[in-house]
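Trainee:
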Amino acid sequence: MNLQRIASSTSSRRLFSSTISRAVVVGRSSSSSLPFESIFGASTTPTINLNHNRYYNPFEQSSSSSPTNRTQRGQYTTHAQLPEEHQMIYDMCRKFADEELAPNAGKWDKEHSFPKDAVSQLAGLGLMGINVSSEHGGSELDALAYAIAMEEISRGCASVGVIMSAHNSLYLYPIDEFGTEEQKERFIKPFATCTGDGVDRTGVGMNIGCFGLSEPGNGSDAGAATTTATLSEDGSEWIINGTKAWITNAYESSAAIVFATTDKHMKHKGISAFIVPMDAPGFSLGAKEDKLGIRASSTSNLIMDSVRIPSNNLLGVEGEGFKIAMKTLDGGRIGVAGQALGIASASIDCAVHYALERNAFGKPIAELQSIQNKISKMVLARDAARLLTWRAATMKDEGSKYTREAAMAKLAASEAATMCAHQAIQVLAGMGYVTEMPAERHYRDARITEIYEGTSEIQHLVIAADVFKEYRG
Amino acid sequence: MKILVGVKRVVDYAVRVRVNPKTKLVELKNVKMSLNPFCEIAVEEAVRLKENKAANVSEVIALSIGPKQCQETLRTALAMGCDRGIHVKTDRRADYVELQSDAVAKLFQKVLEKEEGGEGSGVGGAVDLVLMGKQAIDSDSGQTGPMLAGYLGWPQAAFAAKVELGEGGGLLVERETDEGTETVKINALPAIVTCDLRLNEPRYATLPNIMKAKKKKFDVYEADEMGVDLEPKNKVLEVFEPQPRKEGITVDSVDDLLNKLRNEAGAIP
Numbered sequence: 001m002n003l004q005r006i007a008s009s010t011s012s013r014r015l016f017s018s019t020i021s022r023a024v025v026v027g028r029s030s031s032s033s034l035p036f037e038s039i040f041g042a043s044t045t046p047t048i049n050l051n052h053n054r055y056y057n058p059f060e061q062s063s064s065s066s067p068t069n070r071t072q073r074g075q076y077t078t079h080a081q082l083p084e085e086h087q088m089i090y091d092m093c094r095k096f097a098d099e100e101l102a103p104n105a106g107k108w109d110k111e112h113s114f115p116k117d118a119v120s121q122l123a124g125l126g127l128m129g130i131n132v133s134s135e136h137g138g139s140e141l142d143a144l145a146y147a148i149a150m151e152e153i154s155r156g157c158a159s160v161g162v163i164m165s166a167h168n169s170l171y172l173y174p175i176d177e178f179g180t181e182e183q184k185e186r187f188i189k190p191f192a193t194c195t196g197d198g199v200d201r202t203g204v205g206m207n208i209g210c211f212g213l214s215e216p217g218n219g220s221d222a223g224a225a226t227t228t229a230t231l232s233e234d235g236s237e238w239i240i241n242g243t244k245a246w247i248t249n250a251y252e253s254s255a256a257i258v259f260a261t262t263d264k265h266m267k268h269k270g271i272s273a274f275i276v277p278m279d280a281p282g283f284s285l286g287a288k289e290d291k292l293g294i295r296a297s298s299t300s301n302l303i304m305d306s307v308r309i310p311s312n313n314l315l316g317v318e319g320e321g322f323k324i325a326m327k328t329l330d331g332g333r334i335g336v337a338g339q340a341l342g343i344a345s346a347s348i349d350c351a352v353h354y355a356l357e358r359n360a361f362g363k364p365i366a367e368l369q370s371i372q373n374k375i376s377k378m379v380l381a382r383d384a385a386r387l388l389t390w391r392a393a394t395m396k397d398e399g400s401k402y403t404r405e406a407a408m409a410k411l412a413a414s415e416a417a418t419m420c421a422h423q424a425i426q427v428l429a430g431m432g433y434v435t436e437m438p439a440e441r442h443y444r445d446a447r448i449t450e451i452y453e454g455t456s457e458i459q460h461l462v463i464a465a466d467v468f469k470e471y472r473g
Numbered sequence: 474m475k476i477l478v479g480v481k482r483v484v485d486y487a488v489r490v491r492v493n494p495k496t497k498l499v500e501l502k503n504v505k506m507s508l509n510p511f512c513e514i515a516v517e518e519a520v521r522l523k524e525n526k527a528a529n530v531s532e533v534i535a536l537s538i539g540p541k542q543c544q545e546t547l548r549t550a551l552a553m554g555c556d557r558g559i560h561v562k563t564d565r566r567a568d569y570v571e572l573q574s575d576a577v578a579k580l581f582q583k584v585l586e587k588e589e590g591g592e593g594s595g596v597g598g599a600v601d602l603v604l605m606g607k608q609a610i611d612s613d614s615g616q617t618g619p620m621l622a623g624y625l626g627w628p629q630a631a632f633a634a635k636v637e638l639g640e641g642g643g644l645l646v647e648r649e650t651d652e653g654t655e656t657v658k659i660n661a662l663p664a665i666v667t668c669d670l671r672l673n674e675p676r677y678a679t680l681p682n683i684m685k686a687k688k689k690k691f692d693v694y695e696a697d698e699m700g701v702d703l704e705p706k707n708k709v710l711e712v713f714e715p716q717p718r719k720e721g722i723t724v725d726s727v728d729d730l731l732n733k734l735r736n737e738a739g740a741i742p
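Those protein sequences? They're chains B and L, same order as listed.
FYI, the numbering for the first sequence is 1 to 473, going by the numbering used here.
FYI, the numbering for the second sequence is 474 to 742, going by the numbering used here.
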């Protein structure tokens with residue numbers, strides 16, 4: 001084929017950018033010299049921009065990452081590739097989950113009781129301030145370490161996982177990222193180690209935090225917040241009115257991040273974030289929800305009836321609330337993905353152990369193809385979700401924009417969790433349906449992962465919006 | 474007080490070991506290895522002594538003998554609270570096949586000499602207390618501690634279930650024996666104590682300690698260059714799995730049981 005002809009033809013230049021030109025030279029001998037247009041059709045066909053142009057260059061890292069935090073590492077894909085400290089964190093969390101969480105998870109679920117001692121131990125190990133800097137009492141670890149820790153802890157008990165996740169990514173992160181030094185001193189330091197005198201409703205006294213975004217009238221539609229915050233006349237206090245719904249850790253929390261509308265006319269740009277101590281006057285809790293799963297963690301409404309907080313409890317800038325919420329949820333999705341992976345892993349462990357022991361038709365059911373197909377599907381879904389989760393965490397650590405990747409991780413992991421838990425019950429058959437085996441608890445625990453921190457439907461929207469942004473250029 | 478803790482890298486206790494049919498030894502390839510549980514108890518005891526102001530501990534050193542992966546074992550000990558690690562490198566199998574308690578005890582002795590001579594990178598001076606697990610779960614020999622005490626001429630207390638500081642600088646150790654608990658008074662340090670299961674419950678490494686462990690130092694020595702004859706004194710001929718237990722049967726009556734015991738098992742004349 002005569003390359004000169006291709007280069008000079010204007011229609012072909014639109015059709016084939018330089019990056020794709022290599023695909024053009026395909027098996028045509030130089031003797032046949034048909035005109036270009038007759039081979040590929042006239043330019044009435046829609047032109048496809050094959051110059052795959054992400055809104056940032058795929059080979060260049062985000063400009064927001066400074067040369068110092070730009071890591072040389074690529075993506076870790078197996079546990080064996082992880083750096084030493086991540087392996088040690090994995091080992092420690094796994095051991096803790098096996099010895100302290102898994103044996104008690106069934107009891108906590110049955111009694112709907114907050115596992116105070118276990119959470120206290122978690123705090124002592126540094127897991128309740130995992131990403132916070134050491135000067136504020138945290139463990140100063142990265143998002144990958146967080147994802148790994150979340151998976152191993154949730155594998156032991158999913159309720160403890162959500163308690164840890166809500167506290168770390170939904171409460172500590174926004175204050176760490178957007179708060180003033182004074183706010184960090186008051187609202188991060190005691191909370192990173194869960195020490196000091198917590199002012200929670202149940203007297204747990206551990207300085208745990210919660211996140212109030214959803215309301216009875218809007219969950220996915222976060223921009224339609226009806227909770228309001230008005231500045232008092234002398235400007236010294238904010239007065240908050242409204243109700244938040246589905247708040248994890250509500251009963252054990254000493255402080256909450258609450259999102260309220262400060263300027264109704266600005267719509268979602270008129271929402272601001274506030275740090276509200278649980279003992280603020282006018283603050284009360286609704287009844288504890290009776291949930292299907294993650295029963296050891298408390299969920300209830302936050303009811304704010306002219307709650308007064310000092311004006312310097314505003315988090316970030318007025319009107320920045322929606323942005324704070326979205327950024328917080330990006331990181332939170334990595335945590336929930338970790339939790340879902342833990343539930344999936346626990347389901348797989350349960351199913352595989354059972355399949356190797358249970359006999360039917362004269363041999364262990366593990367030798368039956370139906371069971372093999374199920375196990376294979378479960379592990380495939382879990383491993384794929386884990387790679388997506390580690391990818392999102394690595395991108396967050398590198399300082400790259402990771403909204404799409406976090407949404408994909410959460411979507412994949414939550415669907416893997418429900419599928420694995422469902423199939424685990426199937427593998428256990430009758431035993432999967434009774435409380436003697438943990439499979440039924442994993443089934444109930446898994447379900448929420450497709451709902452909170454952005455329903456699967458919202459994750460799809462987030463991913464699609466980002467993909468279209470990339471193509472539109 | 475300066476403490477040296479022996480930490481051995483062994484096959485993880487939860488692993489179902491298999492015998493390699495060609496080598497007739499335990500298959501170690503791709504098998505999960507971890508810190509010997511009794512050594513972990515020894516590390517915990519050392520760290521508790523360090524936290525006890527009355528013991529006045531200047532440094533806790535963890536010592537491991539084996540391949541380069543022993544550094545992971547040492548990091549775990551450092552994350553639990555040891556100050557420094559010493560790695561004596563050797564590729565010999567430490568599960569009694571190529572490296573045995575006698576050689577290990579002599580290597581320990583050499584390390585102690587190096588520390589006394591100021592060769593170690595940490596706090597100078599001689600070691601006052603050597604702690605180690607009562608036995609390793611791969612070789613189960615339980616000889617290293619007593620052998621080391623013999624070579625050094627130091628007092629020893631094995632199978633410790635409780636360790637207390639004695640008056641006048643010694644130790645009071647409760648030992649677990651088959652006949653009950655025995656209390657041994659060590660009049661003065663230096664001494665060797667080997668640790669049994671009931672001594673303590675080892676702590677989980679906290680995240681801040683895991684991060685701190687990264688910065689702690691290692692001294693690395695080559696086992697072949699320590700002037701010790703490492704050749705095993707006993708030869709392992711073969712390792713094999715025990716015969717699988719035959720399934721039992723249930724009987725319907727006492728008469729049936731007696732019949733079977735008398736006529737089939739030959740257990741009653």
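C-beta atoms are modelled at their ideal positions from N, C-alpha and C, and glycine is treated no differently.
Quick caveat: nothing in here was measured; it's all calculated off a predicted structure.
1. According to DSSP, is L:E532 helix, strand or coil?
2. Starting from B:K469 and walking both ways along the alpha helix (DSSP H), at which residues does that stretch end?
3. What does the alpha-carbon distance come out to for the pair L:D564 and L:V577?
4. Taking 9 Å as the threshold (C-beta atoms), are L:I538 and L:L572 in contact?
5. Output yes or no for whether 9 Å exceeds the beta carbon distance between B:A531 and B:T261.
6. Figure out for me which residue from B:P190, B:R201, B:P216 has the closest Cα to the Cα of B:E207.
7. Can you list, in chain order, the residues of its chain with a C-beta nearer than 6 Å to that of L:A661? Leave out the 5 residues immediately preceding and following it.
8. Between B:T243 and B:V379, what straight-line distance do the alpha-carbon atoms span, to the nearest angstrom?
9. Can you list the residues of chain B that L:L680 reaches, using a CB-CB cut of under 7 Å?
10. State buried or exposed for B:Q75, treating a residue as buried only when at least 16 other CB atoms are found within 10 Å of its CB.
11. Just to confirm the assignment, what range does the beta strand (DSSP E) spanning B:G124 have?
12. Could you tell me whether the Cβ of B:I95 comes closer than 9 Å to any Cβ of chain L?
13. Counting only beta-carbon separations shorter than 9 Å, does B:S345 have a partner in chain L?
14. Report the residue from L:A634, L:G618, L:Q629, L:A738 whose alpha carbon sits nearest the alpha carbon of L:G479.
15. For my contact list, L:A634 and L:T654 are in at a C-beta cut-off of 8 Å; report their separation, rounded to the angstrom.
16. Compare the beta carbon distance of B:Y146 and B:G338 with 9 Å and say whether it is the shorter of the two.
17. Assuming B:E185 is part of the alpha helix (DSSP H), what are its boundary residues?
18. Find the residues of chain B that neighbour L:I610, judging by a C-beta separation of less than 9 Å, and give them in chain order.
19. Contact criterion: CB-CB distance below 9 Å. Does B:E357 meet it with respect to chain L?
20. Count the other CB atoms within 10 Å of the CB of L:A664; is the residue buried (16 or more) or exposed (fewer)?
21. L:Q544 lies in the alpha helix (DSSP H); which residues open and close that run?
22. To the nearest angstrom, report how far apart L:V727 and L:E720 are at their CA atoms.
23. Compare the Cα-Cα distances from L:K689 to each of L:E674, L:G598, L:C555 and report the closest residue.
24. So which residues on chain B does L:R491 lean against when the C-beta distance must stay under 9 Å?
25. Within its chain, find whatever has a CB closer than 6 Å to the CB of B:A280; leave out the 5 residues flanking it on each side and keep chain order.
26. Rounded to the nearest angstrom, what separates B:I458 and B:D290 at their Cα positions?
27. B:R295 to B:R386, Cα distance in whole Å?
28. Among L:E513, L:K562, L:V561, which residue has its Cα nearest to the Cα of L:A550?
29. Name the chain L residues that come within less than 8 Å of B:S169, Cβ to Cβ?
30. Do B:A351 and B:A424 have their beta-carbon atoms positioned less than 9 Å apart in this structure?
31. Of the residues that make up the segment 546 to 559 of chain L, which ones have a beta carbon closer than 8 Å to any beta carbon in chain B?
32. If you measure between the beta carbons of B:E453 and B:L329, is that distance less than 9 Å?
33. I'd like the span of the alpha helix (DSSP H) that includes L:K685, first residue to last.
34. What are the residues that DSSP puts in a beta bridge with L:E649?
35. Looking at chain B, which residues of the segment 480 to 512 of chain L have a Cβ within less than 9 Å of any of its Cβ atoms?
36. Less than 9 Å between CB atoms is the rule here; does L:I659 satisfy it with respect to chain B?
Mentor: According to the data block:
1. In this structure, L:E532 counts as strand in the three-state DSSP scheme.
2. From DSSP, the alpha helix (DSSP H) with B:K469 extends over 456 to 472.
3. Linking L:D564 to L:V577 through their CA atoms gives a straight-line distance of about 13 Å.
4. Contact flag set, yes.
5. The structure shown does not extend to residue 531 of chain B, since chain B is modelled only from 1 to 473, so the question has no answer here.
6. It is Asn, not Glu, that sits at residue 207 of chain B in the sequence shown. Comparing Cα positions, the closest option is B:P190.
7. Sequence-distant partners of L:A661 (beyond 5 residues in either direction) whose C-beta falls short of 6 Å from its own C-beta, in its chain, are G642, G643.
8. Cα to Cα, the separation comes out at about 41 Å.
9. Simply I89, L125, G126, L127, I130, S139, L141.
10. Classification of B:Q75: exposed, given that the 10 Å Cβ count is below 16.
11. Where B:G124 is concerned, there is no enclosing beta strand (DSSP E), although the alpha helix (DSSP H) it sits in stretches over 116 to 124.
12. Per the sequence shown, the amino acid found at residue 95 of chain B is Lys instead of Ile. With a threshold of 9 Å between beta carbons, B:K95 makes contact with chain L.
13. No, B:S345 does not count as interfacial toward chain L.
14. The residue with the shortest Cα to Cα distance from L:G479 is L:G618.
15. Contact flag correct, Cβ pair sits at about 7 Å.
16. Against a cut-off of 9 Å, the Cβ pair of B:G338 and B:Y146 comes out as a contact.
17. For B:E185, the enclosing alpha helix (DSSP H) covers residues 181 to 187.
18. Ordered by position in chain B, no residue passes the 9 Å Cβ test against L:I610, which lies about 16 Å from the chain.
19. Interface residue (Cβ-Cβ distance to chain L less than 9 Å): B:E357 is not classified as such.
20. Classification of L:A664: buried, given that the 10 Å Cβ count is 16 or more.
21. Segment 543 to 553, the alpha helix (DSSP H) holding L:Q544.
22. Straight-line Cα distance between these residues: approximately 20 Å.
23. Minimum Cα distance to L:K689 is reached at L:C555.
24. Within 9 Å Cβ-Cβ: nothing; L:R491 doesn't reach chain B, min ~16 Å.
25. The answer, listed in chain order, is V307, I309.
26. If you take the alpha carbons of B:I458 and B:D290, they lie about 25 Å apart.
27. Linking B:R295 to B:R386 through their CA atoms gives a straight-line distance of about 25 Å.
28. Looking at L:E513, L:K562, L:V561, the one whose alpha-carbon comes closest to that of L:A550 is L:E513.
29. By Cβ distance, chain L contributes nothing, its closest Cβ being about 16 Å from B:S169, past 8 Å.
30. Cβ atoms of B:A424 and B:A351: closer than 9 Å.
31. R548, T549, A552: these are the residues of the segment 546 to 559 of chain L whose beta carbon lies less than 8 Å from some beta carbon of chain B, given in chain order.
32. B:L329 sits close to B:E453, with the two beta carbons spaced by under 9 Å.
33. For L:K685, the enclosing alpha helix (DSSP H) begins and ends at 680 to 686.
34. In the DSSP output, where bridge partners are listed per residue, L:E649 has L:T654.
35. From the segment 480 to 512 of chain L, only S507 have a Cβ closer than 9 Å to chain B.
36. Under the Cβ criterion of 9 Å, L:I659 is not counted among the residues facing chain B.
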